[in-house]
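Read the structure below first, then the notes.
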Amino acid sequence: MRSPLLLSLALLAALSACKRETPTTATPEPAAPAAPAAAGHAFAADINAADFSELVKTLASDEFEGRGPGTPGEDKTVEYIKTQMERIGLKAGNGDSYFQTVPMMETTADENTAMTIDVKGKTHTLKFGSDMVVGTRTGQPEVKVEASDMVFVGYGVDAPEQKWNDYAGLDVKGKTVVMFVNDPGFHAKDESLFEGKRMTYYGRWTYKFEEAARKGAAAAIIIHDTEGASYGWDVVKNSWSGTQYDLRAADDPAPRVPLQGWITGDQAKALFADAGLDLDKLRADANKRGFKAVPLPAKMSVDLKSTSTEKQSRNVIGILPGSEKPDEAVVYMAHWDHLGKHPDETGDNIYNGAVDNATGVAGILEIAEQFAKLGKPKRSVVFLAVTLEESGLLGSKYYVAHPVVPLDKTVAVINLDAMGVAGKTRDMTVVGMGSSELEDILKPIAEKQGRTLHSESRPEAGSYFRSDHFNFAKAGVPALYVDAGDDLVDGGKAAGDAAAKDYNENRYHKPGDQFDAATWKLDGTMDELSAVYGVGLEIANGDRWPNWYAGNPFKSARDAMLKGK
Numbered sequence: 056m057r058s059p060l061l062l063s064l065a066l067l068a069a070l071s072a073c074k075r076e077t078p079t080t081a082t083p084e085p086a087a088p089a090a091p092a093a094a095g096h097a098f099a100a101d102i103n104a105a106d107f108s109e110l111v112k113t114l115a116s117d118e119f120e121g122r123g124p125g126t127p128g129e130d131k132t133v134e135y136i137k138t139q140m141e142r143i144g145l146k147a148g149n150g151d152s153y154f155q156t157v158p159m160m161e162t163t164a165d166e167n168t169a170m171t172i173d174v175k176g177k178t179h180t181l182k183f184g185s186d187m188v189v190g191t192r193t194g195q196p197e198v199k200v201e202a203s204d205m206v207f208v209g210y211g212v213d214a215p216e217q218k219w220n221d222y223a224g225l226d227v228k229g230k231t232v233v234m235f236v237n238d239p240g241f242h243a244k245d246e247s248l249f250e251g252k253r254m255t256y257y258g259r260w261t262y263k264f265e266e267a268a269r270k271g272a273a274a275a276i277i278i279h280d281t282e283g284a285s286y287g288w289d290v291v292k293n294s295w296s297g298t299q300y301d302l303r304a305a306d307d308p309a310p311r312v313p314l315q316g317w318i319t320g321d322q323a324k325a326l327f328a329d330a331g332l333d334l335d336k337l338r339a340d341a342n343k344r345g346f347k348a349v350p351l352p353a354k355m356s357v358d359l360k361s362t363s364t365e366k367q368s369r370n371v372i373g374i375l376p377g378s379e380k381p382d383e384a385v386v387y388m389a390h391w392d393h394l395g396k397h398p399d400e401t402g403d404n405i406y407n408g409a410v411d412n413a414t415g416v417a418g419i420l421e422i423a424e425q426f427a428k429l430g431k432p433k434r435s436v437v438f439l440a441v442t443l444e445e446s447g448l449l450g451s452k453y454y455v456a457h458p459v460v461p462l463d464k465t466v467a468v469i470n471l472d473a474m475g476v477a478g479k480t481r482d483m484t485v486v487g488m489g490s491s492e493l494e495d496i497l498k499p500i501a502e503k504q505g506r507t508l509h510s511e512s513r514p515e516a517g518s519y520f521r522s523d524h525f526n527f528a529k530a531g532v533p534a535l536y537v538d539a540g541d542d543l544v545d546g547g548k549a550a551g552d553a554a555a556k557d558y559n560e561n562r563y564h565k566p567g568d569q570f571d572a573a574t575w576k577l578d579g580t581m582d583e584l585s586a587v588y589g590v591g592l593e594i595a596n597g598d599r600w601p602n603w604y605a606g607n608p609f610k611s612a613r614d615a616m617l618k619g620k
């Protein structure tokens with residue numbers, strides 16, 4: 056998950072990936088596990104803490120082995136979710152199946168790879184891990200970039216609605232583009248540029264690599280800085296080391312640059328100095344409108360060898376068909392996967408993922424139960440449990456490329472990822488607040504609960520782009536991602552901050568993330584579920600099509616798909 060409460064550790068899933076139990080190829084229709092742990096529990100037909108607890112306790116049990124994709128734990132997990140959807144009365148969401156097979160590529164780069172950069176006749180040799188990291192999403196066993204001309208492109212952004220184009224008048228086909236992380240305005244602390252401190256879509260490294268691919272670059276390199284990335288070089292190094300997962304190129308509509316990676320800030324400063332350029336001055340220049348890309352007197356060469364294996368995992372999809380407009384749908388989603396088992400670790404080596412994200416899966420099932428109790432709404436409601444979130448939002452990316460309800464018929468998406476379990480709050484966090492009209496629907500619902508809405512505490516970290524709803528957003532579908540507030544009724548903000556800190560340090564992406572009936576306070580969690588249920592209910596029984604707010608980078612895609620509605 057990518058919860059705003061967990062920003063300092065947001066990429067540790069990738070860090071841990073190299074220690075996980077080795078996945079095996081999953082089959083599309085697994086055999087049902089014997090005697091599911093919750094088989095004896097009598098579920099009620101409404102949102103309640105007892106049912107929620109039973110679902111979380113089961114999904115986060117050792118029996119499910121940390122829910123690692125492609126492992127026996129996946130088979131148990133997806134079959135259990137399917138069984139609950141059947142019990143609730145949801146129909147199979149993917150034709151006659153509750154499962155959607157997600158093909159995936161498992162790629163491991165050779166960490167003996169070196170990068171050589173010739174700057175005015177002086178050769179720099181950068182080592183994998185300490186100086187740079189590189190990878191490929193092509194699936195090719197070898198990618199060679201030889202003596203590629205290098206161009207500094209500022210922040211690597213082409214944003215028409217911001218009247219900003221770092222590639223203006225530039226042909227980078229076959230070249231290596233070098234750029235800063237985050238987006239214009241952040242380092243300059245200029246609220247008039249983009250969204251100032253808050254990271255936008257253009258600040259994410261994923262966007263920068265995709266844009267470089269659209270422009271035809273042979274390679275794309277991001278200059279790391281801790282403040283701009285919101286994490287240190289160690290996170291980058293560990294995230295890009297070991298086994299990496301991706302969708303097959305045939306299943307992913309996003310463009311792919313042949314070679315992509317990062318270099319440390321110190322290496323970049325030395326390289327630019329040898330080129331006769333001041334990196335700090337270039338950073339200041341890159342934050343001004345009208346910035347022009349700077350060709351570098353340098354050539355880069357990399358010979359990257361990788362091993363790749365094709366495997367597969369599964370999304371689980373249930374649907375409550377609408378009574379009047381069954382072709383239109385609201386989607387509730389949560390990722391079911393976590394970090395599996397780490398056999399090389401002594402002691403407890405099962406990463407149960409109770410908060411992250413058994414709570415989200417339990418949440419969408421509880422909401423499904425409430426919807427089923429009321430009967431069919433006017434529009435359909437899709438309940439989507441996706442895989443491979445911890446590997447880069449891959450299950451949701453695959454679904455968006457192969458939706459069971461077309462995206463121009465998908466009215467809204469509501470994402471649950473790592474729900475709060477610290478008790479009732481006076482507030483509610485809307486991650487990426489100021490994005491869409493879904494917030495207009497949520498606000499009066501929250502007010503009736505005596506709660507106010509606010510943005511995440513560290514908007515510069517770009518949390519809105521780090522959970523599964525982002526793939527829908529990028530395609531244009533308005534998406535709402537909420538989290539527990541931090542002002543606890545019992546103890547105030549100090550208690551809320553302490554609870555978040557305790558989880559971050561002791562349980563997040565650790566074996567300690569387990570269900571704990573003695574300490575969990577689920578009255579606040581039930582408030583969250585009731586609130587987002589209310590948002591979906593209003594949309595499902597109404598006619599409105601909530602859109603992005605003016606100026607949002609995803610609005611043009613939505614406007615295009617809704618043209619004529």
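All you need for the numbering used here is the position in the sequence shown, starting with 1, plus 55.
Glycine included, C-beta positions come from ideal geometry on N, C-alpha and C.
Note that the coordinates shown come from a computational prediction; the quantities given were computed from them, not determined experimentally.
Q. Would you report the Cα separation of Ile102 and His524, rounded to the nearest angstrom?
A. A direct Cα-to-Cα measurement between Ile102 and His524 gives close to 23 Å.
Q) From this set, Ile496, Asp165, Pro608, Tyr563, which residue's C-alpha is nearest Thr362's C-alpha? A) When each option's Cα is compared against that of Thr362, the closest is Asp165.
Q: Please report the Cβ distance between Asp204 and Thr231, rounded to the nearest whole angstrom; I am assuming they are in contact, meaning their Cβ atoms lie under 8 Å.
A: The beta-carbon separation of Asp204 and Thr231, rounded to 7 Å, stays under the 8 Å limit for a contact.
Q. Ala309 lies in the beta strand (DSSP E); which residues open and close that run?
A. Where Ala309 is concerned, there is no enclosing beta strand (DSSP E), given that its DSSP letter is neither H nor E.
Q) Looking only at DSSP bridge pairs, what is Leu375 linked to? A) Residue pairing by DSSP places Leu375 opposite Val436 in a beta bridge.
Q) Can you name the residues that DSSP bridges to Gln299? A) DSSP output for Gln299 lists Thr162 as bridge partner(s).
Q) With 16 other CB atoms within 10 Å as the buried threshold, where does Thr79 fall? A) For Thr79, the pLDDT reaches just 40, beneath the cut-off of 50, and the residue's location in the model is therefore unreliable, although a value from the coordinates is still provided. For Thr79, the number of other beta carbons within 10 angstroms of its own is below 16, and it is reported as exposed.
Q | Nearest-angstrom Cα separation, counted from Gly229 out to Gly377 | A | Whole-angstrom Cα-Cα distance: 50 Å.
Q) Looking at C-alpha atoms only, which residue of Val208, Gln217, Met234, Asn237 is the closest neighbour of Asp226? A) Here the closest residue by C-alpha is Val208.
Q: Give the single residue among Thr255, Glu560, Pro533 whose Cα lies nearest to the Cα of Lys13.
A: A query on residue 13 cannot be resolved here, the shown segment of the chain reaching from 56 to 620 and no further.
Q) Taking the alpha carbon of Lys360 as the point to measure from, which residue in Lys433, Ile405, Val198 has its own alpha carbon closest? A) The residue among Lys433, Ile405, Val198 with its C-alpha nearest the C-alpha of Lys360 is Val198.
Q: Determine the direct distance from the alpha carbon of Glu120 to that of Asp399, and round the result to whole angstroms.
A: Straight-line measurement puts the Cα of Glu120 at about 15 Å from the Cα of Asp399.
**Q.** Between the CA atoms of Ala555 and Gly408 - distance to the nearest angstrom
**A.** Roughly 16 Å between the two C-alpha positions.
Q) For Asn602, which three-state DSSP category applies? A) Looking at Asn602 - three-state DSSP - the assignment turns out to be coil, as it is neither helix nor strand.
**Q.** Contact under 8 Å by Cβ, Ala384 with Gly418
**A.** Going by C-beta atoms, Ala384 is not nearer than 8 Å to Gly418.
Q. I think Phe235 touches Arg338, with their Cβ atoms under 8 Å apart; what is that distance to the nearest whole Å?
A. Phe235 to Arg338, Cβ: 6 Å. Contact.
Q: Excluding the 5 residues preceding and the 5 following Asp542 in the sequence, name in chain order all residues of the same chain whose CB lies nearer than 8 Å to its CB.
A: Excluding positions up to five away in sequence, the list reads Thr480, Arg481, Asp482, Lys548, Gly551.
Q) Since Ser446 and Glu129 are thought to touch, with beta carbons under 8 Å apart, how far apart are those beta carbons, to the nearest angstrom? A) That pair is no contact at about 13 Å.
Q: Quick one: grab the DSSP three-state call for Glu201.
A: Look at Glu201 here: in three-state DSSP terms it is strand.
(Q) Between Leu429, Val460, Gln425, Glu421, which has its C-alpha nearest Val437's C-alpha? (A) Of the candidates Leu429, Val460, Gln425, Glu421, the one whose C-alpha sits nearest the C-alpha of Val437 is Val460.
Q | Continuous alpha helix (DSSP H) assignments of at least 4 residues falling wholly in the region 106-187 | A | Those alpha helix (DSSP H) runs which fall completely within the region 106-187 and span 4+ residues are 127-143.
Q.
In this structure, how does DSSP classify Asn581 when only helix, strand and coil are distinguished?
A. In the sequence on display, residue 581 carries Met and not Asn. Helix, per DSSP.
(Q) According to DSSP, is Val542 part of a helix, a strand, or is it coil? (A) The sequence given here has Asp at residue 542, not Val. Taken through DSSP and simplified to helix, strand or coil, Asp542 comes out as coil.
(Q) Among the candidates Asp186, Arg506, Ser451, Arg311, whose CA atom is the shortest distance from the CA of Asn293? (A) Nearest C-alpha to Asn293: Asp186.
**Q.** Thr162 to Gln195 span [Cα, whole Å]
**A.** C-alpha of Thr162 to C-alpha of Gln195: approximately 9 Å in a straight line.
Q.
Classify Asn561: buried if its beta carbon has 16 or more other beta carbons within 10 angstroms, exposed otherwise.
A. In summary, Asn561 is exposed, with fewer than 16 beta-carbon neighbours lying within 10 Å of its beta-carbon over all protein chains present.
Q. Exposed or buried, what is Tyr604 when buried is set at 16 or more other beta-carbons lying within 10 Å of its beta-carbon?
A. The residue is exposed, with fewer than 16 neighbouring Cβ atoms inside 10 Å.
Q) Under 8 Å between the Cβ atoms of Glu424 and Phe98? A) A contact, by the Cβ cut-off of 8 Å.
Q: With DSSP as the reference, label Met616 as helix, strand or coil.
A: Helix.
Q: Measure from the alpha carbon of Asp238 to the alpha carbon of each residue in Ser247, Val291, Arg259, then state which is nearest.
A: Out of Ser247, Val291, Arg259, the CA that lies nearest to the CA of Asp238 is found in Arg259.
Q.
Could you pull the DSSP bridge partners for Ala427 from this structure?
A. Ala427 is not bridged to any residue.
Q | When Ile136, Pro127, Lys131 are compared against Leu420, the one with the closest alpha-carbon | A | The shortest C-alpha separation from Leu420 is found at Ile136.
Q: Tell me whether the beta-carbon of Met488 lies closer than 8 Å to the beta-carbon of Thr414.
A: Contact annotation: Met488 and Thr414 have beta-carbon atoms that are not nearer than 8 Å.
Q: Could you pull out every residue in the same chain whose Cβ sits closer than 8 Å to the Cβ of Ala169, ignoring the five residues on either side in sequence?
A: Only Thr180, Leu181, Lys182, Phe183, Val357 meet the Cβ criterion.
Q) Can you name, in chain order, every residue of its own chain whose Cβ lies under 6 Å from the Cβ of Lys464, other than the five neighbours on each side? A) Sequence-distant partners of Lys464 (beyond 5 residues in either direction) whose C-beta falls short of 6 Å from its own C-beta, in its chain, are Asp382, Glu383.
Q | Residue environment, Ala90, which counts as buried when at least 16 other CB atoms sit within 10 Å | A | Any reading at Ala90 must be qualified, since the residue scores a pLDDT of 38, below 50, and its modelled position is unreliable; the value itself is stated next. Flag for Ala90 reads exposed.
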